[in-house]
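Colleague:
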Amino acid sequence: MEIKLENLSFSYGSVPIFNDINLVIDKPELVCILGPNGAGKSTLMHCMNKLQTPTSGTVYLDGKDLKSYSLKELAKLVSFVPHSEDTTFSMSVLDTVLMGRMPHTGTIMSQEDVLIAAENIKLLGMQEFAMQGFDELSAGQHQKVMIARSLTQEPQVMLLDEPTANLDVKYQMLVMRLLRDVAKLKGITVITICHDLNVTSMYADRVVMLYDHHIYADGSPAEVLTKDNIKILYGIDCQIFDVQGRPHIALLDGDELDSHLGDNMVRKPQEKETE
Amino acid sequence: MKLRKKELLETTDEDVKIIYGQYSAFRYKKIIAMVALFAILLTASLYGMTVGSYPITMGEVYQIIVDHLFDLGSPLENIDQRVVWDQRMPRLLTAIVAGAGLAVAGAAMQSMMKNPLADPYTTGISSGASFGAILAITFGISLGTFEAATITFAFVFSLIPATVIVLLSRFKKATAAMMILAGISVMYIFNAMTQYMLIVSDAEKMAAAYEWTVGTLNKASWSSLPLMASIVVAGSVALMILSRYLNAMNSGDNYAKTVGVNVERMRIIILVVISIVSASVVSFTGIIGFVGLVAPHVTRLFLGSDNRHLIPGSLLMGATMLVICDILSKSFTTTALPIGIVTAFVGGPVFLFLIIRQKKEVW
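If you read the sequences in order, they're chains A and B.
Counting along the first sequence from 1, when you hit position 160 you're at 160 in my numbering, and nothing is skipped either side.
Counting from 1 along the second sequence, just add 275 to a position and that's the residue number in my numbering.
1) Could you name the residues of the same chain whose beta carbon sits closer than 8 Å to that of Ala-319/B, not counting the 5 residues immediately before and after it, in chain order?
2) Residues bridged to Gly-219/A by DSSP?
3) Where does the unbroken alpha helix (DSSP H) through Ala-373/B begin, and where does it stop?
4) The ligand GTP heavy atoms versus the CB of Met-524/B: any closer than 8 Å?
5) If you compare alpha carbons, which of Leu-344/B, Thr-491/B, Asp-288/B, Asn-390/B is closest to Ile-616/B?
6) Identify every run of the alpha helix (DSSP H) within the stretch 156-204 of chain A, keeping only runs that are complete inside it and at least 4 residues long; order them along the chain.
7) When you compare the CB of Ile-293/B with every CB in chain A, is at least one pair closer than 9 Å?
8) Here's a check: name, in chain order, each residue in its chain whose Cβ is nearer than 8 Å to the Cβ of Phe-10/A, leaving out the five neighbours to either side.
9) My assumption, with CB atoms under 8 Å, is that Pro-391/B sits in contact with Met-384/B. Please give the rounded CB distance.
10) Just the chain A side, please: which residues come within less than 8 Å of Pro-391/B by C-beta, in chain order?
11) The alpha helix (DSSP H) with Asn-229/A in it runs from where to where?
12) When we look at the beta-carbon of Thr-618/B and count the other beta-carbons within 10 Å, is it buried (16 or more) or exposed?
13) At the 9 Å Cβ level, is Leu-278/B part of the contact set with chain A, yes or no?
14) Could you pull out every residue in the same chain whose Cβ sits closer than 6 Å to the Cβ of Leu-278/B, ignoring the five residues on either side in sequence?
15) Val-625/B and Val-552/B - do their beta-carbons sit closer together than 9 Å?
16) So Phe-80/A contacts chain B; which residues on that side make the cut at Cβ distance below 8 Å?
17) So, at 8 Å on beta carbons, what are the nonlocal neighbours of Ile-562/B in its own chain, with the 5 sequence-adjacent residues on each side left out?
18) Which residues in the same chain have their Cβ closer than 6 Å to the Cβ of Val-358/B, if we skip the five residues on either side of it in sequence?
19) What is the rounded straight-line gap between the Cα of Met-276/B and the Cα of Arg-101/A?
20) Measuring only the C-alpha atoms, how far is Gly-140/A from Val-547/B?
21) How about Thr-297/A: is its C-beta nearer than 9 Å to some C-beta of chain B?
22) CA-CA distance, Ile-3/A and Gly-588/B?
23) Count the other CB atoms within 10 Å of the CB of Gly-187/A; is the residue buried (16 or more) or exposed (fewer)?
24) For chain A, is any of its Cβ atoms less than 9 Å away from the one on Phe-301/B?
25) Can you give the Cα-Cα distance for Asp-95/A and Val-31/A, rounded to whole angstroms?
26) Can you give the Cα-Cα distance for Val-114/A and Val-534/B, rounded to whole angstroms?
27) Between Ala-370/B, Met-541/B, Tyr-322/B, Lys-304/B, which has its C-alpha nearest Phe-559/B's C-alpha?
28) Identify each residue in the stretch 184-199 of chain A for which the Cβ-Cβ distance to at least one residue of chain B is less than 9 Å, and report them in chain order.
29) Thr-58/A by DSSP, collapsed to three states: which one?
30) Among Ile-426/B, Gly-458/B, Lys-292/B, Thr-425/B, which residue has its Cα nearest to the Cα of Val-441/B?
31) Give a yes or no on whether the minimum CB-CB distance between Thr-96/A and chain B is below 9 Å.
32) Identify whether Asn-49/A lies in helix, strand or coil by the three-state DSSP scheme.
33) In chain order, what residues of the same chain lie with their CB nearer than 6 Å to the CB of His-142/A, ignoring the 5 residues before and after it?
34) What does Leu-251/A pair with, by DSSP beta-bridge criteria?
35) Roughly how many angstroms lie between the CA atoms of Pro-436/B and Ala-554/B, to the nearest whole one?
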């Protein structure tokens, strides 16, 4: 399903977040959005599912203005995995995952709904925890449950806000690989916000770099994840190696990372008297 | 879709089958728990009918109930019959309806506000009702009877806080924090006016006004039941239908929107339902505290936080708690202590005990 952003701008009051963004995502593939903190990645994503209204410009989903979709119509097509889940009274993992069926079912969940939820729980390797309380799980397990829930929504487009933030290395890779395969096998367009350059490089089909209020670079990992781009985005030097046909980024420590700890320290440790 | 279901069932692998089986058992257990709760309610109700200051034996009580049930139109011939059918029966049914209504409203309010401290009165319903009732009492307003005026005024004024919030929601997003803060503001305004009226009124009216604010079942009668019961039943059914939206909203406003819930509008709808249910109970019984706060929490300990089970479970739990509290109030005092005092006095320690006992984190 095609998502098209046309001249999209967003500002909080007088603070511009991004200006005049044009982007077309028309293939079922894994698209990673990269960018430094505060670049507007989450805001851009929220403009794609009506959580935020852009200041100007239009978002088209499947050729239709996003504004013409009701929340329920949109929910049948686009799912969302938030950055974190803030429940007060939590339910079992399976009941949590079953919420993904909401846009598709009435008051009563059918046997089919439960089976779809159970399949996705298995897909994320959470079958042991299906009947446990959501609040008894770790942050990483929460993320897996949220991804299972998002798949249970059976969307055409999946939006994920840092789905690997709390996962260990293995599950970061597993989740990203899963998202790539889901895109390919189920024909879902998967758009995710990422921070880890190497995991992105390993699995992304397309990388979109957000920097300085606009899209700074857009293309395959090899095209986008270059020494120069990383230097500009994060101000960090790096070396790039070819690993398994994809760029592997080795970040280098340097003076630009200086925290100025020595200069900023208000109370300096007393210097030891030397003889 | 039919085809897909079949295909799904056939391709289902062992793990998925196991999860499905576990889930069926999990839901079955909850239904069993609710049936057990209903049995407790029934037992307490049957016993409650036999408790009272007027001396009638247990056998006589049931004899009168059974006789009268088979011949509803027959006149009540003696005092025994009148005590059982015209005093104890409406009192019991009022306890059931009031307990159920307050507990359902409390459960929905807690889930909607995502706040374990919320209860049916959080948005200021009780202060509105008190003001309305005391206004009617101190000014001696009569709508046919003084009683009718007090009930009507309490009902109308208890809906004012919700009205204020609905109006405010046109200018400001209906978030949980906005609702709680707006409710508290309205509550303070009402409390100030109530206190002023109590100060200027004479001692006799002041006592009557004060008595009203302490929830009681002493005024229960057949005439007030149909209205209260039909509102509580309709409201409970509505909240059960809306329970899945409450579940989604519990995962945060943003997430709920992305599964198609218009969060702000839903919150307003739920608030209106809760307010009408609580208002109908409060205006007939006065402010019975604690049931609306504690019954949902106790229910969560047994049934979990899924609103699809929590709402009907709280309904049974609230009714049971109030029936039992009424038995206690009738057993230990001859004057039948106002139930509002009993619920808080008994409920507090019981709740503390449950907090200490529970292993699983429900909150």
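Even glycine gets a Cβ: it sits at the ideal position worked out from N, Cα and C.
Modeller: Reading from the atomic positions:
1) Working through the second sequence from its first residue, we reach residue 319/B at position 44. These residues qualify, in order along the chain: Thr-595, Val-598, Ile-599, Ile-602.
2) What you label residue 219/A is simply residue 219 of the first sequence in a count that begins at 1. Answer is Val-207/A.
3) The residue you call residue 373/B lines up with position 98 of the second sequence. Counting along the chain, the alpha helix (DSSP H) containing Ala-373/B begins and ends at 364-388.
4) For the structure depicted, the ligand GTP is absent and the ligand set is empty, with no information on it obtainable.
5) Along the second sequence, one-based indexing puts residue 616/B at 341. For the residues Leu-344/B, Thr-491/B, Asp-288/B, Asn-390/B, the minimum Cα distance to Ile-616/B belongs to Thr-491/B.
6) 169-186, 197-203
7) In the second sequence, residue 293/B corresponds to position 18, counting from 1. Judged by the 9 Å Cβ criterion, Ile-293/B is in contact with chain A.
8) Numbered from 1 along the first sequence, position 10 holds the residue referred to as residue 10/A. Cβ neighbours of Phe-10/A beyond the five flanking positions: Pro-16, Ile-17, Phe-18, Gly-40, Thr-43, Leu-44, Cys-47, Gln-52, Pro-54, Thr-55.
9) Within the second sequence, residue 391/B is the residue found at index 116, counting from 1. Within the second sequence, residue 384/B is the residue found at index 109, counting from 1. In fact, because the Cβ distance is near 11 Å, the residues do not count as touching under 8 Å.
10) Sequence index remark: in the second sequence, residue 391/B carries index 116 (1-based). In chain order: Thr-88, Phe-89.
11) Locating residue 229/A in the first sequence gives position 229, where the first residue counts as 1. Per DSSP, Asn-229/A belongs to the alpha helix (DSSP H) from 227-234.
12) Along the second sequence, one-based indexing puts residue 618/B at 343. Buried.
13) Working through the second sequence from its first residue, we reach residue 278/B at position 3. In this prediction, Leu-278/B scores a pLDDT of 43, lower than 50, which makes its location untrustworthy; no coordinate-derived value is stated.
14) Locating residue 278/B in the second sequence gives position 3, where the first residue counts as 1. Because the pLDDT of Leu-278/B is 43, which lies under 50, any placement of that residue in the model is unreliable, and the number read from its coordinates should be weighed accordingly. Result list for Leu-278/B: empty, nothing under 6 Å.
15) As a working note, residue 552/B is residue 277 in the second sequence. As a working note, residue 625/B is residue 350 in the second sequence. No, Cβ-Cβ distance for Val-552/B and Val-625/B is not below 9 Å.
16) The residue given as residue 80/A occupies position 80 in the first sequence. Those are Asn-529, Tyr-530, Thr-533, listed as they occur along chain B.
17) For this step, residue 562/B is matched to residue 287 along the second sequence. Within the same chain, Ile-562/B has close Cβ partners Tyr-396, Ser-401, Ala-404, Ser-405, Thr-488, Val-489, Gly-490, Gly-615.
18) Mapped onto the second sequence, residue 358/B falls at position 83. Only Tyr-329 meet the Cβ criterion.
19) Translated into the one-based positions of the second sequence, residue 276/B becomes position 1. Translated into the one-based positions of the first sequence, residue 101/A becomes position 101. Its pLDDT being 38, under 50, Met-276/B is placed unreliably by the model, and the measurement read from it follows with that caveat. When rounded, the distance between both Cα atoms is 14 Å.
20) Here the question's residue 140/A lines up with position 140 in the first sequence. Here the question's residue 547/B lines up with position 272 in the second sequence. Their backbone Cα atoms lie some 38 Å apart in a straight line.
21) In the structure as shown, chain A begins at 1 and stops at 275. Residue 297/A is therefore absent and cannot be evaluated.
22) In the first sequence, residue 3/A corresponds to position 3, counting from 1. In the second sequence, residue 588/B corresponds to position 313, counting from 1. Near 44 Å, if we compare the C-alpha coordinates of Gly-588/B and Ile-3/A.
23) As a first step, residue 187/A must be located in the first sequence, where it is residue number 187. The residue is exposed, with fewer than 16 neighbouring Cβ atoms inside 10 Å.
24) Against the second sequence, residue 301/B aligns to sequence position 26. With 9 Å as the cut-off, Phe-301/B counts as an interface residue toward chain A.
25) Within the first sequence, numbered from 1, the residue matching residue 95/A stands at position 95. Within the first sequence, numbered from 1, the residue matching residue 31/A stands at position 31. Cα to Cα, Asp-95/A sits roughly 29 Å from Val-31/A.
26) Within the first sequence, residue 114/A is the residue found at index 114, counting from 1. Within the second sequence, residue 534/B is the residue found at index 259, counting from 1. Answer to the nearest angstrom: the Cα atoms are 17 Å apart.
27) The residue you call residue 559/B lines up with position 284 of the second sequence. Nearest of Ala-370/B, Met-541/B, Tyr-322/B, Lys-304/B to Phe-559/B, Cα basis: Ala-370/B.
28) none
29) Indexing the first sequence from 1 puts residue 58/A at position 58. In this structure, Thr-58/A counts as strand in the three-state DSSP scheme.
30) For the purposes of this step, residue 441/B is identified with residue 166 of the second sequence, where counting begins at 1. Selected option, being the one with the closest Cα: Gly-458/B.
31) The residue labelled residue 96/A in the question sits at position 96 within the first sequence. Yes, Thr-96/A lies at the interface with chain B (some Cβ there is under 9 Å from its Cβ).
32) Counted from its first residue, the first sequence places residue 49/A at position 49. Asn-49/A falls in the coil class under three-state DSSP.
33) To locate residue 142/A, count along the first sequence from 1; it is residue 142. Answer for His-142/A: Glu-85, listed in chain order.
34) Numbered from its first residue, the first sequence carries residue 251/A at position 251. Note: Leu-251/A sits in a beta bridge opposite Cys-238/A.
35) Position 161 of the second sequence, counted from the first residue, corresponds to residue 436/B. Position 279 of the second sequence, counted from the first residue, corresponds to residue 554/B. Distance between the alpha carbons of Pro-436/B and Ala-554/B: 11 Å.
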